[in-house]
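Visitor: Chains P and C supply the protein sequences, listed in that same order.
In terms of our numbering, the first sequence opens at residue 66 and continues consecutively.
In terms of our numbering, the second sequence opens at residue -9 and continues consecutively.
C-beta: ideal position from N, C-alpha, C; glycine also.
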Amino acid sequence: MHNKSVAELSRALASGEVSSVELTQHFLDRIQQQDSQYNSFITVCEENALADARQADELRSQGKATPWTGVPFAHKDIFCTNGVRTTCGSKMLENFVPPYDATVTANFRQAGAVCLGKTNMDEFAMGSSNESSYFGAATNPWGSNRVPGGSSGGSAAAVAARLTPAATATDTGGSIRQPAALCGITGLKPTYGRVSRYGMIAFASSLDQGGTMARTAEDNALMLNVMAGFDAKDSTSIDREVPDYTATLNEPLKGLKIGLPKEYFSDQLSPAMEQTVRNAIAEYEKLGATVKEVSLPNANLAIAAYYVIAPAEASANLSRFDGVRYGYRCDDPKDLMDLYTRTREEGFGDEVKRRIMVGTYALSAGYFDAYYLKAQKVRRLIQQDFVNALKEVDVLMSPTCPSPAFVKGEKTNDPVQMYLEDIFTIAVNLAGLPALSLPAGFVDGLPVGLQVIGDYFAEARLLNAAHQYQQVTDWHQRTPE
Amino acid sequence: MQWDVVIGLEIHVQLATNSKIFSGSSTAYGAEPNTQANAVDLAMPGTLPVPNEGAFRDAVMFGLAIDAEIGRRSVFERKNYFYPDLPKGYQTTQLEQPIVGPGHVEIDLPDGSSKTIRIHHAHLEEDAGKSLHEDFHGMSGIDLNRAGTPLIEVVTEPDMRSAEEAVAFAKKLHSLVTSLGICDGDMSQGSMRFDVNISLRPKGQEAFGTRTETKNLNSFRFMEQAIAHEVERQMDILEDGGEIIQETRLYNGDRDESRSMRSKEEANDYRYFPCPDLLPVEIDDSFIDDCRSRLPELPDARKARFKEQYGLNDYDAGLLSGDARLAAFFEEVAEHGKDAKLAANWTLGEFSGRLNAEDKAINDAPISGAQLGNLIVRIADDSVSSAGAKKVFEALWSGDGDNVDAIIEAKGLKQVSDTGELEKLVDDVLAGMADQIQQYREADDKKRKKLMGGFMGPLMKASKGQGNPKLFTEILKKKLED
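1) For Val109/P, which of helix, strand or coil comes out of DSSP?
2) Run through DSSP, which three-state label would Pro230/P get?
3) Taking Cβ-Cβ distances below 8 Å as the criterion, which residues of the segment 149 to 178 of chain P are in contact with chain C?
4) Tell me whether Tyr329/P sits in a helix, a strand or coil according to DSSP, three-state version.
5) Find out if the Cβ-Cβ distance for the pair Leu412/C, Gly378/C is shorter than 8 Å.
6) Tell whether a beta-carbon distance below 8 Å holds between Val186/C and Leu207/C.
7) Does any residue of chain C bring its CB to less than 8 Å from the CB of Cys145/P?
8) Evaluate the contact criterion for the segment 200 to 218 of chain P versus the segment 172 to 179 of chain P: three or more CB pairs, one atom per stretch, below 8 Å.
9) Give the secondary structure of Gly258/P by DSSP, where H, G and I count as helix, E and B as strand, and everything else as coil.
10) Whose C-alpha, out of Gly312/C, Lys439/C, Lys350/C, is nearest the C-alpha of Phe296/C?
11) Of all the CB atoms in chain C, is at least one closer than 8 Å to the CB of Val389/P?
12) For Asn206/C, name the three-state secondary structure that DSSP assigns.
13) Counting only beta-carbon atoms, is Ala367/P nearer than 8 Å to chain C?
14) Which whole-angstrom value is the C-beta distance of Ala45/C and Leu76/C, which I expect to be below 8 Å?
15) Does the beta carbon of Leu495/P sit closer than 8 Å to a beta carbon anywhere in chain A?
16) What does Ala297/P reach in chain C if we use C-beta pairs closer than 9 Å?
17) What's the gap between the Cα of Ile488/P and the Cα of Leu352/P?
18) So, helix, strand or coil for Tyr375/C, using DSSP?
19) Counting only C-beta atoms, is Leu85/C closer than 8 Å to chain P at any point?
20) Can you look up Ala187/C in the DSSP assignment and give me helix, strand or coil?
21) In the DSSP output, what is Arg522/C paired with across the bridge?
22) What do you get for Phe126/C, buried or exposed, if any count of 16 or more other CB atoms within 10 angstroms of its CB means buried?
23) Around the Cβ of Asp403/P, are there at least 16 other Cβ atoms within 10 angstroms (buried) or fewer (exposed)?
24) How about Gly180/C: is its C-beta nearer than 8 Å to some C-beta of chain P?
25) Output, in sequence order along the chain, the residues in the segment 252 to 280 of chain P whose CB is closer than 7 Å to any CB in chain C.
26) Any Cβ of chain P within less than 8 Å of the Cβ of Lys293/C?
27) Give me the chain C residues within the contact set of Ser300/P, using Cβ-Cβ distance strictly less than 8 Å, ordered along the chain.
28) Determine which residues share a DSSP beta bridge with Ser342/C and list them.
29) Quick one: what does DSSP say Ala505/P is sitting in, helix, strand or coil?
30) Where does the unbroken beta strand (DSSP E) through Ser248/C begin, and where does it stop?
31) Assign Leu528/P to buried or exposed, taking buried as 16 or more other Cβ atoms, counted over all protein chains shown, within 10 Å of its Cβ.
32) Going along chain C in order, which residues have a C-beta closer than 7 Å to the C-beta of Glu378/P?
33) For Asn458/C versus Val419/C, is the C-beta spacing smaller than 8 Å?
34) What in chain P is Cβ-close to Asp259/C, meaning under 8 Å?
35) Could you tell me how far apart the beta carbons of Ala176/P and Thr131/P are, in whole angstroms, since I believe they sit closer than 8 Å?
36) What would DSSP say about Ser165/C, mapped onto helix, strand or coil?
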């Protein structure tokens, strides 16, 4: 049952082959038995899940089922869940139980899906390996000493290990695509503004975007059908019609114009990685696509710009964690300053503090123009690069990250090496474009991801391109031992 | 040495929207602490601001009223600092692209002249909560009901040269925003708060001196006192050859003293940057046109109309037109009372005096404009004397009756104006006052005036206070002087 996709489970529930309670119990049992290996969940919602499953079965018996009614899934622990603790991977929110749902959470609730629990993540989504989680690093199911990537590493590991058929995730600089690639699953970061950010704990507001993780493109489409849409509670969400993302999955790819950004096929890429990605692209050519090289001339500036803008926004976004109203508070504060400094010193981990410091510095009087304003100018140049490239082609393809899953601890002492994990993903966030990563092969027994970048609101085209590839390949079906 | 005083103001004006600027919570004053603060106001994780269109409308109306350029692209920024009553750790405000650009306000000065005060800009922002330092056993309580209340901060150019000018400006601004209906103007509830920038320079010098900022003055009186206090403080320092330190000061009105809050060196680096949760707001022509169509009559126009329509003098017209609610009350009195001059006198005199004495707002007055108008009618037609009218007013105010004629009747205040009846009374009274009559007839004009009182007392007594004094006087004169 756990090898079935969301689409298959939905059909199994519809046909009465299995009940939601049975299905939910099955996944809860798997989590119970196996997650000690992966540490992919921070909180498992056994009671709530079974109650929701019973209700789903009831609704289904009344003929009121949606495709999601009774289907189990998991939320990244960055989405606020009413009555269920939401930690964002931080000691700061270790015991935080929100009295409200994120819009994404509410949407899945409305659709009747059954939330199994909250998945592990880098603290406040800051990291590329899941190692900055206060609740311990998650493990990549493809190698017990390997990172699952981050920040949505828990969601990726849980999906890859078949502990959940699907999971929500968020992507600020690659946090969906990179772990999806490292864990051999499919993950989509939608266009900025496509999915509401309300109740999704902010890291960098102008870059954060909620998205989807599952094994197949089709399941990602089913998830996006639930998640996408305008939300009056999020002023940056965009009021634009939401298509049925499953409706166009089977469109033929004949004539699809693929661009390969030459800057993303540089010498940073090992020959084995490059070969794997080029093989996948060759498969697209067999499906009728044409391929040409394009250029993103300012690609080399993306990491630098990102690591000014994202920390700058984060430094303000994380000011609310001050020990005054909710969340962690230090013991016996002497006075206000002591309350602030010790609460934040004790409540935040190193990477979070590093980014708050960087962001605070970049916004300081005397440095603002040189860092923040300059980075915003670079951001516009990068965005223009993509707009220009996407005038020539329909989608861009590249490796999702420079190498397969690395060994735990390998990059924890070198933040810059860690930041370079996102070298192919980060520019997409600066431009606000949609992009997905899909399994495209293996190097040294570890999954390799192919990144597909599309124009604004071209999620359906990306999902279509991924789905067609998955009709002729089985990388996404491979199961870790 | 002779010194010039240079004053600029920053005024926080609370907008009278029903809900907050970025959340749906109520902005009503006086609720139990933290009952009007939702997840957004508490800055719970993941919550996001949604702008309140009403606050933009209010700000644009203000901009139009001061003849300012409206910022077509309005950008919100985050002003970062930590304070317990600032839930997000930043205030959402405007810096580079405010909604209201340069404008101007005309003020009338006590000597009858007028002056233009330039407005540098006005921007939209959210208010913070309140820290309560009493009753918490050495700790502080935080009330976030006010957090997120929309404000416009109005920033003037340093165009004022005295406390009188600053107060005249403050009153004019109060009059403007209450007339526009964008602020309830209730200073005691903090609806308007003033920060005063003051510097001195030797008379004749063009360059400004070093200024200080005195923060958070919430009454015209405190503002006037604080300016006087600060001018004196600076003058003392300068006369002694000292230097003014650029700093922020707090003024304690009850003790008439001020202290330094922080110097320029200690000033926060607020690390402003555009708020990524709020897209720039584009204000288009149709929005501005809509705001323009909502503009009510403004104080200057109203003053001119009061002079024209009611024949009021400049002073009364100015007083009555300044406060929108007082102006509306006056017009109701005048409409019902017919006699505009009497309506103005009673509105400014008895009515306003009573409000002040009891520290009441016009809306809380126990007497309506129609009631006072009805009383004016009875004064004008001599049905009641002015002394009697005060008794009627008192009855209306205290709730001892609500119908003017019924009160006059019940209290026996009806004035007798029947000349036949009055003449008879005069004859009766004069019959027993031969000596006084003799005295009167021998006196000169000046003395006669004084002696008149000697007759009026017994006459009023004889008429049980109901005789029309004017008619009594006429009849008396005739009888005594014929």
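Guide: Taking the structure as given:
1) One-based indexing of the first sequence puts residue 109/P at position 44. Strand, per DSSP.
2) Locating residue 230/P in the first sequence gives position 165, counting from the first residue. Pro230/P carries a coil assignment under DSSP once its states are collapsed to helix, strand and coil.
3) Residues of the segment 149 to 178 of chain P with a C-beta less than 8 Å from any C-beta of chain C: Thr151, Cys153, Leu158, Phe161, Pro163, Pro164, Tyr165, Ala167, listed in chain order.
4) Counting from 1 along the first sequence, the entry for residue 329/P is found at position 264. In this structure, Tyr329/P counts as helix in the three-state DSSP scheme.
5) Taking the second sequence and counting its residues from 1, the one referred to as residue 412/C is at position 422. Taking the second sequence and counting its residues from 1, the one referred to as residue 378/C is at position 388. Not closer than 8 Å, so no.
6) In the second sequence, counting from the first residue as 1, residue 186/C sits at position 196. In the second sequence, counting from the first residue as 1, residue 207/C sits at position 217. Contact: yes.
7) Locating residue 145/P in the first sequence gives position 80, where the first residue counts as 1. For Cys145/P, the answer is yes, since a Cβ of chain C falls inside 8 Å of its Cβ.
8) Because the criterion of three Cβ pairs below 8 Å is not met, the segment 200 to 218 of chain P and the segment 172 to 179 of chain P do not touch.
9) For this step, residue 258/P is matched to residue 193 along the first sequence. When secondary structure is reduced to three states using DSSP, Gly258/P falls in the coil class, being assigned neither helix nor strand.
10) The residue you call residue 296/C lines up with position 306 of the second sequence. If we check each option's Cα against that of Phe296/C, Gly312/C comes out closest.
11) Within the first sequence, the letter at position 324 stands for residue 389/P. True, the Cβ-Cβ gap to chain C drops below 8 Å.
12) Position 216 of the second sequence, counted from the first residue, corresponds to residue 206/C. For Asn206/C, the three-state secondary structure derived from DSSP is strand.
13) Here residue 367/P corresponds to residue number 302 of the first sequence, with the count starting at 1. Closer than 8 Å: no.
14) Here residue 45/C refers to the residue found at position 55 when the second sequence is read from its first residue. Here residue 76/C refers to the residue found at position 86 when the second sequence is read from its first residue. Contact check for Ala45/C and Leu76/C: beta-carbon distance about 19 Å, past the 8 Å limit, so the pair fails to qualify.
15) No chain A is part of this structure, whose protein chains are labelled P and C.
16) The residue given as residue 297/P occupies position 232 in the first sequence. Residues of chain C whose Cβ lies closer than 9 Å to the Cβ of Ala297/P are, in chain order, Val40.
17) Within the first sequence, residue 488/P is the residue found at index 423, counting from 1. Within the first sequence, residue 352/P is the residue found at index 287, counting from 1. Rounded to whole angstroms, Ile488/P to Leu352/P spans 28 Å at the Cα level.
18) Counted from its first residue, the second sequence places residue 375/C at position 385. It should be pointed out that residue 375/C corresponds to Ser in this sequence rather than to Tyr. Here Ser375/C sits in coil by DSSP.
19) For the purposes of this step, residue 85/C is taken as the residue at position 95 of the second sequence. Judged by the 8 Å Cβ criterion, Leu85/C is not in contact with chain P.
20) Taking the second sequence and counting its residues from 1, the one referred to as residue 187/C is at position 197. In the sequence on display, residue 187/C carries Asn and not Ala. Shown here, Asn187/C sits in a strand according to DSSP, grouped into three states.
21) Any property of residue 522/C remains undetermined from this structure, which presents chain C solely from -9 to 472.
22) Stepping through the second sequence from its first residue, residue 126/C is reached at position 136. Exposed, since its Cβ has fewer than 16 Cβ neighbours within 10 Å.
23) Against the first sequence, residue 403/P aligns to sequence position 338. Answer is exposed; the Cβ neighbour count stays below 16.
24) The residue you call residue 180/C lines up with position 190 of the second sequence. False, the Cβ-Cβ gap to chain P never drops below 8 Å.
25) In summary, the residues of the segment 252 to 280 of chain P whose CB is separated from some CB of chain C by less than 7 Å are Arg262, Tyr263, Gly264, Met265, Ile266, Ala267, Ser270, Ser271, in the order they occur in the chain.
26) The residue given as residue 293/C occupies position 303 in the second sequence. Chain P contact via Cβ: absent.
27) Taking the first sequence and counting its residues from 1, the one referred to as residue 300/P is at position 235. The answer, in chain order, is Leu38, Pro39, Val40, Pro41, Asp267, Leu268, Leu269.
28) Position 352 of the second sequence, counted from the first residue, corresponds to residue 342/C. Its beta-bridge partners do not exist; DSSP assigns none.
29) The residue labelled residue 505/P in the question sits at position 440 within the first sequence. Residue state, collapsed to three classes: strand.
30) Position 258 of the second sequence, counted from the first residue, corresponds to residue 248/C. DSSP places Ser248/C in the uninterrupted beta strand (DSSP E) bounded by 247 to 253.
31) For the purposes of this step, residue 528/P is identified with residue 463 of the first sequence, where counting begins at 1. Classification for Leu528/P: buried.
32) Within the first sequence, residue 378/P is the residue found at index 313, counting from 1. Contact of Glu378/P with chain C by beta-carbon distance below 7 Å involves Pro266.
33) Numbered from its first residue, the second sequence carries residue 458/C at position 468. Numbered from its first residue, the second sequence carries residue 419/C at position 429. Taking 8 Å as the cut-off, the Cβ atoms of Asn458/C and Val419/C do not count as close.
34) To locate residue 259/C, count along the second sequence from 1; it is residue 269. Those within 8 Å of Asp259/C in chain P are Ser429, Ala430.
35) One-based indexing of the first sequence puts residue 176/P at position 111. One-based indexing of the first sequence puts residue 131/P at position 66. Rounded, the Cβ-Cβ distance is 5 Å, consistent with contact.
36) Numbered from 1 along the second sequence, position 175 holds the residue referred to as residue 165/C. Per DSSP, reduced to three states, the secondary structure at Ser165/C is helical.
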